[in-house]
Structures are given as C-alpha cells and as structure tokens.
Amino acid sequence: MKKPIQLRTVNVTRYIAPLREGGSLPALAEADDDFKYVLKFKGAGHGVKALIAELIGGEVARALGLPVPELVFANLDEAFGRTEADEEIQDLLQGSQGLNLALHYLSGAINFDPVVTDVGEKLASQIVWLDAFITNVDRTFKNTNMLVWHKELWLIDHGACLYFHHAFTDSDTQAKVPFALIKDHVLLPKATQLEQVDSEFKSILTDDVLQSTINLIPKDWLEWQDADQSPDEIRDIYFQFLKTRRDHSAIFLKQAQDARAAVV
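First residue of the sequence shown? That's 1 in the UniProt record's numbering, and the numbers climb one at a time after it.
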C-alpha cells in the first residue's frame with residue numbers, strides 16, 4: 001500500500017505583493033522555509049471551498065503525473081497584516097488567520113500561449129481528461145491557467161473546479177454530468193488520445209488514491225456554517241463524487257470527444 005499523501009506546512013513571514021489578476025486577490029508571499037509562494041486565502045471569494053477545490057484539483061493532477069507546483073498549507077499568524085496600509089488587503093489577511101493554501105512560486109514563468117507553445121497530443125489529452133473529471137471551468141483560451149517554466153508546461157489554479165460543492169445538493173447526479181463546458185478548453189483540438197488516457201487514468205485513480213487526497217482537507221475547512229453534515233460526512237461526499245465520476249467517465253469522455261469533433 002502506498003504511503004498516504006502529505007503536504008508540508010509553512011508559516012508565512014512576509015506579504016510581498018497582491019496578484020490582482022486573480023479575482024480572489026491571491027498574493028506573492030515568503031515563508032519560513034525561505035521560498036516564495038502564491039498564497040490563496042480562505043477569507044477571499046468562495047472561501048474554503050476554493051481552497052478545497054485547489055487542493056483536490058492539484059493533488060489529483062499530481063497523482064496522474066501531471067506537472068503542478070508544490071502545494072503547501074500556509075499558516076497565517078493572527079498578527080500578520082496589521083501594518084498593511086491597504087484596507088481591503090488588511091481585511092483579507094485578518095479574515096484568513098490560520099491555515100491557508102499556497103503554491104510554490106515559479107519565478108520567471110510565462111503564461112502559456114497556444115500560438116507560441118506546442119503541446120503534444122498525449123499531454124493535451126491528459127489535461128483535457130483531468131479538467132473534465134474535476135469539472136474545471138478555467139482552462140480556456142481567455143484564461144489558460146497554465147505556465148511555461150524551464151520549457152515545461154505547468155498547471156496552476158484549480159480553485160474553480162468541483163463547482164458542485166457551491167450548492168452541495170444531489171452530488172450523485174452532479175457526478176454524472178457530462179461537463180459541456182469542455183468545449184471551451186484551450187487544448188481540446190489537440191486531445192486525440194482521450195480513450196487511451198481514460199483507461200490509464202482510471203487505473204491510477206484507485207479508491208485509495210482518491211481517499212488519500214480527500215483526507216488532506218483540514219478539518220476546519222469542513223466546518224461549514226451552511227451545512228448540516230459533519231466534516232467526515234462532507235469528506236465522504238467529496239470522495240463519493242470523485243469515485244462516481246471516475247466510474248462513469250464514459251459520460252464526460254463522450255462529451256469531450258463530441259465537442260472536439262465539432263471544432264476540428
């Protein structure tokens with residue numbers, strides 16, 4: 001049996017600058033391991049649900065062997081941000097005390113441009129399958145959420161995936177949704193090997209892998225004021241959603257194939 005997935009925890013020591021291209025005001029920050037991170041705040045936007053999506057989406061991608069910057073839990077001390085002059089940022093920092101999520105900062109990386117960077121058909125198929133599986137609405141021509149770093153493609157920003165959890169009703173039905181928005185995926189035209197990837201990826205995403213990924217979610221991220229379920233029950237709903245979606249991948253696979261046929 002594989003060793004359970006674990007994430008490092010770092011303490012944020014310096015807020016460097018807001019990254020205002022993100023709607024939830026992520027920031028460039030430094031931690032006590034002397035590395036820089038793109039910090040995502042639980043006090044922003046969709047709150048902990050965006051962090052849960054980022055965590056699950058990123059770690060599912062990593063389990064599948066796709067290049068994702070290291071994710072870490074980032075602890076924000078209660079005193080952090082008191083000297084911040086920008087009131088909006090100060091409120092964000094004060095509302096995000098405790099455990100947040102951060103991605104290793106890829107210094108010097110550039111945004112992926114499909115006109116400039118060619119992506120192989122196998123990798124394109126893998127990324128399209130991933131995004132259809134996790135219902136990621138955010139990998140379009142307008143917003144590719146991919147970087148090129150040291151001549152390699154890296155996947156970032158999975159906070160908009162798993163959108164079923166914003167309503168959190170009838171998750172079994174939601175798990176079997178075809179995901180029509182795959183038609184807008186930036187790599188869809190190159191995704192010629194979806195059936196092969198489907199077989200390979202389903203064999204990787206065993207129940208143990210999915211459960212280990214879900215178990216990473218901190219308990220305090222699952223104490224939702226608007227939910228009747230306990231943290232363990234919420235975890236199980238996430239697990240069942242991913243398990244059902246994996247087992248019914250033919251539904252979203254056909255949607256992606258049909259969408260691709262319409263654009264090539």
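Even for Gly, the Cβ is constructed at its ideal location relative to N, Cα and C.
C-alpha gap between residue i and residue j, whole angstroms
{"i": "Trp149", "j": "Asp228", "result": "43 Å"}
{"i": "Ala27", "j": "Pro18", "result": "4 Å"}
{"i": "Phe73", "j": "Arg14", "result": "15 Å"}
{"i": "Gly45", "j": "Leu162", "result": "15 Å"}
Beta carbon of residue i nearer than 8 Å to that of residue j
{"i": "Leu7", "j": "Leu51", "result": "no"}
{"i": "residue 278", "j": "Leu153", "result": "This structure does not reach residue 278, given that the chain is present from 1 up to 264, and the question cannot be answered."}
{"i": "Leu147", "j": "Phe179", "result": "no"}
{"i": "Ala160", "j": "Val137", "result": "yes"}
{"i": "Tyr37", "j": "Ala102", "result": "yes"}
{"i": "Leu25", "j": "Pro218", "result": "no"}
{"i": "Arg260", "j": "Phe133", "result": "no"}
{"i": "Ala175", "j": "His248", "result": "yes"}
Start-to-end residues for the alpha helix (DSSP H) that takes in residue i
{"i": "Phe239", "result": "231-247"}
{"i": "Ala53", "result": "48-63"}
{"i": "Phe141", "result": "From DSSP, Phe141 is part of no alpha helix (DSSP H); its letter is neither H nor E."}
{"i": "Ile80", "result": "Here the sequence assigns Phe to residue 80, which means Ile is not the residue at that position. No alpha helix (DSSP H) holds Phe80; DSSP gives it neither H nor E."}
Burial state of residue i (16 or more Cβ within 10 Å)
{"i": "Lys42", "result": "buried"}
{"i": "Gly57", "result": "buried"}
{"i": "Lys40", "result": "buried"}
{"i": "Lys151", "result": "exposed"}
{"i": "Ser203", "result": "exposed"}
Min CB distance residue i to chain B below 8 Å
{"i": "Gln94", "result": "Protein chains in the displayed structure number just one, and chain B is not present."}
Boundaries (first-last residue) of the beta strand (DSSP E) holding residue i
{"i": "Lys36", "result": "36-40"}
{"i": "Ile16", "result": "9-18"}
{"i": "Leu92", "result": "No beta strand (DSSP E) holds Leu92; the alpha helix (DSSP H) holding it covers 87-94."}
Ignoring anything shorter than 4 residues, give me the alpha helix (DSSP H) runs that lie fully in the stretch 160-229, in order along the chain. 171-175, 194-204, 207-214
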